Amino acid sequence: MKLALKVTEIEQLSPLVKRFRFEDPKGGSLPVFSGGAHITVEMPEGEIIRRNSYSLISDPYDGTAYEIAIRREDQGRGGSLYMHTKVSEGDEITVSAPSNLFQLDLRARKHVLIAGGIGITPFLSQLKQLDMELKPYELHYAARSRAEAAGIKLLPEAAHVHVHISEEGARMDLGAILDGQPLGTHVYTCGPDGLITAVADQAARLGWPKTSVHSEAFTAPPPGEPFEVVIASTGQTVSVKADQSLLEALEAAKVEVDYSCRGGACGRCHTKVTACDGRILHNDHWLSEGERAAQKDIMPCMSRFKGARLELDL
Amino acid sequence: MPNTEFSPSIDSRPTYTGLVSQGSAPAIMVADEAGAGALSDLATADASVMDNAHVVLVGCAASVLGDNAPRAVHETPDLDAATPLVSQLLNEARMGTQLYLAGSEGLMGHVSALATAAGMPLGEIQMEHRGSIARRMQCVHCKGITEGVTTDPFTCSHCGLTLFVRDHFSRRLGVFQGVCVDAETPGVVPETVEIQA
Chain A
1 MKLALKVTEI
11 EQLSPLVKRF
21 RFEDPKGGSL
31 PVFSGGAHIT
41 VEMPEGEIIR
51 RNSYSLISDP
61 YDGTAYEIAI
71 RREDQGRGGS
81 LYMHTKVSEG
91 DEITVSAPSN
101 LFQLDLRARK
111 HVLIAGGIGI
121 TPFLSQLKQL
131 DMELKPYELH
141 YAARSRAEAA
151 GIKLLPEAAH
161 VHVHISEEGA
171 RMDLGAILDG
181 QPLGTHVYTC
191 GPDGLITAVA
201 DQAARLGWPK
211 TSVHSEAFTA
221 PPPGEPFEVV
231 IASTGQTVSV
241 KADQSLLEAL
251 EAAKVEVDYS
261 CRGGACGRCH
271 TKVTACDGRI
281 LHNDHWLSEG
291 ERAAQKDIMP
301 CMSRFKGARL
311 ELDL
Chain B
1 MPNTEFSPSI
11 DSRPTYTGLV
21 SQGSAPAIMV
31 ADEAGAGALS
41 DLATADASVM
51 DNAHVVLVGC
61 AASVLGDNAP
71 RAVHETPDLD
81 AATPLVSQLL
91 NEARMGTQLY
101 LAGSEGLMGH
111 VSALATAAGM
121 PLGEIQMEHR
131 GSIARRMQCV
141 HCKGITEGVT
151 TDPFTCSHCG
161 LTLFVRDHFS
171 RRLGVFQGVC
181 VDAETPGVVP
191 ETVEIQA
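Residue numbers (the working numbering), protein chains in the order written: chain A, 1 to 314; chain B, 1 to 197.
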């Protein structure tokens, strides 16, 4: 389901991060969601439509608007740059209905939320849900500097909300955070891969069950060198531009591929490879090490190709 | 006496893979007299498993553990008396605490229901069946629980209906489900047989 909304507010939260508020142009109510959900935003530019997914940061139970926060990535494909430079208050914008790949496990007795940098975004909606449901939680937000920590403005001042600014010498101590948590605690991490791995390793050392450790690492697809793919069923060749993802190129060529997160996390766009002469540049978090090495599967939302010929089972 | 092997059945029917030491991590162990043998075997395989273990024994004395001295032992006369103690241990436990259960299906079902309610994932609970194959049955009609059921069908100790022993198991309550066996043909009841493993 797609929603045609209006940009009603843009706020600069930090030098690199802007908050966007989208409302129904007629003032109608939007579908509510659950903490950790994201929407996919359409960014038409020339003949290309980019679609990036962003975590919702607004109150999950508030149907009057959706809010997202976007960090400008100058080295990216241009999605975030488009949002930062081409979108103004009053513009129309098309977004998907919310879906959630990073929901809270509500069986938990306590929730520990760990955010690195812009990874704070999914937690902003989650903590509104946790507050409303009166669930015990603690949030740890790590950032390099106070100026870069865009989330500070959006976080409540509370004893269970901890901000760790490494420039001020207050680095996050994962051992201290995870050790001694009560039985039934779940931990959620969103941020750089290094942080997600560090939390998972620390939890494993302390004997935490794997099912109590959650993370979300999806990011926008990276740019790269242009390449071509062949569609097995039709023999059609599809060219992928440097600042376009394979999924976007397939969509532009009217080749149907299912998708959801567009960030290599959900597995919906999983596509079989029927011939590969070259190397698939896997950028997703979905395929296993073995599947990556075999080069028989690709996640078109994130991954690219370098070589002579890549044929897709489409 | 090893872990009982039960015949393959529906997915709902719990299976017990046996106890495997997780070393000296903090642990809660709950066992009845037959199950205490599994704890002794566990400690024989790895003595360190008892270093930080709180053992709750149901209906037996600490002497059943032999030379394997855990950090603390609590003796209780029955499951009802053990319940508040186990709940307290679970409520005070930290992440990384291991749970070892051994003995009857009734004991393991009851304590694993307490543990999952305390936030422990079911897959993290270690269980080993020893001793009687008697079942803890819930009547799906009156919701009353009958302990120690060894025959099929059996009579609900609360409402008196004749109940068929199903393999359908409630993990929330830790009980098998008993369903009226002669609802369609009152009085026509199949021959009573002993429950098999």
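Glycine included, each C-beta is placed from N, C-alpha and C at the ideal position. Only a predicted model underlies this, so the values are computations on that prediction, with no experimental measurement involved.
*So what does DSSP say about glycine 278 (chain A), is it helix, strand or coil?*
In the displayed model, glycine 278 (chain A) falls within a strand according to three-state DSSP.
*Taking 8 angstroms as the cut-off, decide whether the C-beta atoms of leucine 310 (chain A) and threonine 271 (chain A) are in contact.*
Not a contact, by the Cβ cut-off of 8 angstroms.
*What do you get for alanine 204 (chain A), buried or exposed, if any count of 16 or more other CB atoms within 10 angstroms of its CB means buried?*
Alanine 204 (chain A) comes out exposed.
*Secondary structure at lysine 18 (chain A), three-state DSSP: helix, strand or coil?*
It is a strand residue.
*asked:* At 3 residues or longer, what runs of the beta strand (DSSP E) sit wholly inside the stretch 93-119 of chain A?
replied: Inside the stretch 93-119 of chain A, DSSP marks whole beta strand (DSSP E) runs of 3 or more residues at positions 110-116, from first to last along the chain.
*Taking just the CA atoms, how far does cysteine 269 (chain A) sit from histidine 101 (chain A)?*
The displayed chain sequence assigns leucine, not histidine, to residue 101 (chain A). C-alpha separation (whole angstroms): 14 angstroms.
_Excluding the 5 residues flanking threonine 76 (chain B) on each side, which residues of the same chain have their C-beta closer than 6 angstroms to its C-beta?_
For threonine 76 (chain B), where only same-chain residues beyond five positions count, the Cβ hits under 6 angstroms are Val58 and Ala82.
_Spatial distance of serine 260 (chain A) from arginine 304 (chain A) (CA atoms)_ = Going by the C-alpha atoms only, they are around 18 angstroms apart.
*Taking just the CA atoms, how far does aspartate 179 (chain A) sit from valine 112 (chain A)?*
Their Cα atoms are separated by approximately 12 angstroms.
_Counting only C-beta atoms, is leucine 114 (chain B) closer than 8 angstroms to chain A at any point?_
Chain A contact via Cβ: absent.
*Of the residues A:Val187, A:Ser55, A:Pro223 and A:Tyr137, the one placed nearest histidine 214 (chain A), counting alpha carbons only*: Among A:Val187, A:Ser55, A:Pro223 and A:Tyr137, the Cα nearest to that of histidine 214 (chain A) belongs to A:Val187.
*asked:* Suppose the cutoff is 6 angstroms on Cβ atoms and the five residues either side in sequence are ignored; what does the same chain contact list for glycine 119 (chain A) look like?
replied: Cβ neighbours of glycine 119 (chain A) beyond the five flanking positions: Cys190 and Gly191.
*Extent of the continuous beta strand (DSSP E) to which valine 187 (chain A) belongs*: Taken as a continuous stretch (DSSP letters only), the beta strand (DSSP E) holding valine 187 (chain A) covers 185-190.
*Do serine 80 (chain A) and alanine 220 (chain A) have their C-beta atoms within less than 8 angstroms of each other?*
Between serine 80 (chain A) and alanine 220 (chain A), the gap from beta carbon to beta carbon is short of 8 angstroms.
*Whose Cβ in chain A lies nearer than 7 angstroms to the Cβ of methionine 120 (chain B)?*
Those are Leu183 and Gly184, listed as they occur along chain A.
*Interface residues of chain B facing serine 303 (chain A) [CB-CB closer than 7 angstroms]*: Those do not exist, as serine 303 (chain A) stays about 32 angstroms from chain B at its closest Cβ, beyond 7 angstroms.
*Going straight from the alpha carbon of alanine 265 (chain A) to that of proline 8 (chain B), what length do you get?*
In a straight line, the C-alpha of alanine 265 (chain A) is about 36 angstroms away from that of proline 8 (chain B).
*How about alanine 108 (chain A): is its C-beta nearer than 8 angstroms to some C-beta of chain B?*
Closer than 8 angstroms: yes.
*Beta-carbon neighbours of arginine 278 (chain B), restricted to chain A and to distances below 7 angstroms*: The structure shown has nothing for residue 278 (chain B), since chain B only spans 1 to 197.
_Assuming contact is defined by CB atoms lying nearer than 8 angstroms, are arginine 166 (chain B) and phenylalanine 154 (chain B) in contact in what I supplied?_
Against a cut-off of 8 angstroms, the Cβ pair of phenylalanine 154 (chain B) and arginine 166 (chain B) comes out as no contact.
*Name, in chain order, the residues that DSSP records as bridge partners for leucine 163 (chain B).*
In the DSSP output, where bridge partners are listed per residue, leucine 163 (chain B) has B:Phe154 and B:Cys180.
_Straight-line gap, histidine 162 (chain A) to histidine 84 (chain A) (C-alpha atoms, nearest Å)_ = When the Cα atoms are used, histidine 162 (chain A) and histidine 84 (chain A) turn out to be separated by approximately 29 angstroms.
*Decide if valine 188 (chain B) is buried, meaning its Cβ has at least 16 other Cβ atoms within 10 Å, or exposed.*
Burial call: exposed.
*Keeping to the same chain, check which residues put their C-beta closer than 7 angstroms to that of isoleucine 48 (chain A); ignore five residues upstream and five downstream.*
Hits under 7 angstroms: Gln244, Glu248 and Ala252.
*Output, in sequence order along the chain, the residues in the stretch 50-79 of chain B whose CB is closer than 9 angstroms to any CB in chain A.*
Those residues of the stretch 50-79 of chain B placed with their C-beta closer than 9 angstroms to a C-beta in chain A do not exist.
*Using a Cβ cut-off of 8 angstroms, which residues of the stretch 93-107 of chain B contact any Cβ in chain A, in chain order?*
Answer set for the stretch 93-107 of chain B: Ala93, Arg94, Met95, Gly96, Thr97 and Gln98.
*Straight-line CA distance for serine 63 (chain B) to histidine 282 (chain A)?*
Straight across, the Cα-Cα distance linking serine 63 (chain B) with histidine 282 (chain A) is about 59 angstroms.
*Please say whether arginine 130 (chain B) and alanine 102 (chain B) have beta carbons closer to each other than 8 angstroms?*
Judged by beta-carbon spacing, arginine 130 (chain B) lies within the 8 angstroms limit of alanine 102 (chain B), meaning their Cβ atoms are closer than that value.
*So, do the stretch 33-53 of chain A and the stretch 88-104 of chain A have three or more beta carbon pairs nearer to each other than 8 angstroms?*
Counting C-beta pairs with one atom in each stretch, the stretch 33-53 of chain A and the stretch 88-104 of chain A have three or more that are closer than 8 angstroms, which means they touch.
*In chain order, what residues of the same chain have a beta carbon less than 7 angstroms from the beta carbon of alanine 308 (chain A), not counting five sequence neighbours either side?*
Within the same chain, alanine 308 (chain A) has close Cβ partners Asp277 and Gly278.
*Does the beta carbon of proline 70 (chain B) fall short of 7 angstroms from some heavy atom of the ligand PLP?*
As presented, the structure is devoid of all ligands, the ligand PLP included, so that no description of it is given.
*Taking the runs of the beta strand (DSSP E) that are 3 residues or longer, which of them lie wholly in the stretch 43-125 of chain B?*
Segments of the beta strand (DSSP E) lying fully in the stretch 43-125 of chain B: 53-58, 72-76 and 98-103.
*For chain A, is any of its Cβ atoms less than 8 angstroms away from the one on alanine 25 (chain B)?*
Yes, contact with chain A.
*Three-state secondary structure (DSSP) at arginine 51 (chain A)?*
Correct three-state label for arginine 51 (chain A): strand.
*List the endpoints of the continuous alpha helix (DSSP H) containing histidine 84 (chain A).*
From DSSP, the alpha helix (DSSP H) with histidine 84 (chain A) extends over 79-85.
*asked:* Can you list, in chain order, the residues of its chain with a C-beta nearer than 6 angstroms to that of glycine 18 (chain B)? Leave out the 5 residues immediately preceding and following it.
replied: A distance below 6 angstroms between beta-carbons, with the five flanking residues on each side excluded, links glycine 18 (chain B) to the following residues of its chain, in chain order: Asn3 and Glu128.
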